[in-house]
Ligand code: NDP
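In the numbering used here, the protein residues as written are 1446 to 1731.
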């Protein structure tokens, strides 16, 4: 029987655990762990993501502070806000919702966040710590994927993990994290040859591409654990549905465990942002 890894349920559990710890944090330090969320412009998808993050922060017993900035804000003003948040003792985590409008320098903004408050785990210091196998602020999506893998696998040591996609926010940190877990890791991407063959040798297959239902049943080794990060809005008979990067109906019978879309990695990503904020707050006040 294939196990369906229920991201909604697992995320609720993570949020519950954060809420319990956040209460203890408040009792001990007299403040709630604080998350500042910076939203530039009016991109509808970003607005939804930010709304969900703020809602989840409240449920987690965190203090969330939203900073909405106009789309035409200049780099200097944004830098000043980050600087102010870096220095604010009530702010333990800073998240700048990406993508930013084209005239802003995304890397400069990421690099200006204090690594200790970088709850997205995108700062080069955290990237370097993770790559060198040290404790780091781990990006939320790969962290969520790892928690899901641990639900169905006692030990990841020696497993062949194939990560499809090499983005800075998912594919690369996922590969680094799996390497830290002693997996044998292969990363494949748009220029990879024989991608189906490589995927079909994976014990663990993590797919983060952005191409609806790309991974078919014959790409998957029987008994593999499949984590589908993709979120694709696909039109069907005039209505929009969310689809993953994995052909779920075809692949589920082949896999030993699989994440659904929606209700898989998505909720875990937000829950892990709460977890990272609590971790950041705890580290800053210890
Ligand atoms: P990016 O577009 O940044 O990266 C996509 C990666 O997939 C690239 O490395 C690209 O290769 C690779 N790729 C593209 N086409 C192919 C192909 N045909 N075969 C093999 N590899 C291919 O996307 P993200 O990593 O940001 O996101 C990936 C997906 O995950 C998206 O659907 C996104 O919406 C979703 N997502 C979901 C999250 C969640 O919480 N569930 C969080 C973040 C993202 P190359 O580098 O060569 O171009």
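Just so you know, even glycine gets a beta-carbon here, dropped at the ideal spot from N, CA and C. A quick note: this is a predicted structure, and the numbers were derived from the prediction, not measured.
Within 8 Å, strictly: CB atoms of residue i and residue j
i	j	result
residue 1484	residue 1514	yes
residue 1644	residue 1608	no
residue 1672	residue 1651	yes
residue 1412	residue 1615	Outside the displayed span of the chain (1446 to 1731) sits residue 1412, for which this structure offers no information.
residue 1530	residue 1467	no
residue 1474	residue 1725	no
residue 1594	residue 1583	no
residue 1597	residue 1700	no
residue 1463	residue 1505	yes
residue 1606	residue 1649	yes
residue 1570	residue 1554	no
residue 1628	residue 1714	no
residue 1454	residue 1561	no
residue 1665	residue 1696	yes
Residue interval of the beta strand (DSSP E) (run including residue i)
i	result
residue 1677	1677 to 1681
residue 1583	Here residue 1583 belongs to no beta strand (DSSP E), and DSSP marks it neither H nor E.
residue 1510	1508 to 1514
residue 1606	1605 to 1609
residue 1684	1684 to 1688
residue 1462	No beta strand (DSSP E) holds residue 1462; the alpha helix (DSSP H) holding it covers 1452 to 1474.
residue 1651	1649 to 1652
residue 1539	1538 to 1541
residue 1696	Per DSSP, residue 1696 belongs to no beta strand (DSSP E); it is in the alpha helix (DSSP H), 1693 to 1696.
residue 1566	Premise fails: residue 1566 is in no beta strand (DSSP E) and is neither H nor E.
residue 1481	1479 to 1485
residue 1665	Where residue 1665 is concerned, there is no enclosing beta strand (DSSP E), given that its DSSP letter is neither H nor E.
residue 1643	That residue, residue 1643, is in no beta strand (DSSP E); its alpha helix (DSSP H) goes 1640 to 1644.
residue 1630	1629 to 1633
residue 1672	1670 to 1673
Which listed residue (the options) has its alpha carbon closest to that of residue i
i	options	result
residue 1509	1692, 1518, 1498 and 1454	1498
residue 1718	1488, 1490, 1624 and 1500	1500
residue 1465	1565, 1622 and 1502	1502
residue 1624	1591, 1637 and 1642	1591
residue 1612	1696, 1534 and 1655	1655
residue 1446	1492, 1560, 1567 and 1669	1669
residue 1557	1547, 1520 and 1589	1520
residue 1524	1490, 1559 and 1494	1559
residue 1461	1729, 1723, 1731 and 1730	1723
residue 1720	1454, 1458 and 1450	1458
residue 1451	1730, 1727, 1712 and 1686	1712
residue 1533	1601, 1479 and 1569	1479
residue 1630	1727, 1638, 1619 and 1554	1619
residue 1469	1507, 1449, 1495 and 1494	1507
Residue interval of the alpha helix (DSSP H) (run including residue i)
i	result
residue 1714	1710 to 1730
residue 1522	1520 to 1532
Cβ-heavy atom distance, residue i to the ligand SAM, below 7 Å
i	result
residue 1677	Ligands displayed in this structure: the ligand NDP; the ligand SAM is not among them.
CB contact below 8 Å: residue i versus chain B
i	result
residue 1681	Of the chains in the structure shown, none is chain B; there is only one protein chain.
Is the number of C-beta pairs between the region 1703 to 1718 and the region 1570 to 1579 that are closer than 8 Å three or more?
-> no
Could you tell me whether the region 1647 to 1667 touches the region 1689 to 1701, where touching means 3 or more Cβ pairs closer than 8 Å?
-> yes
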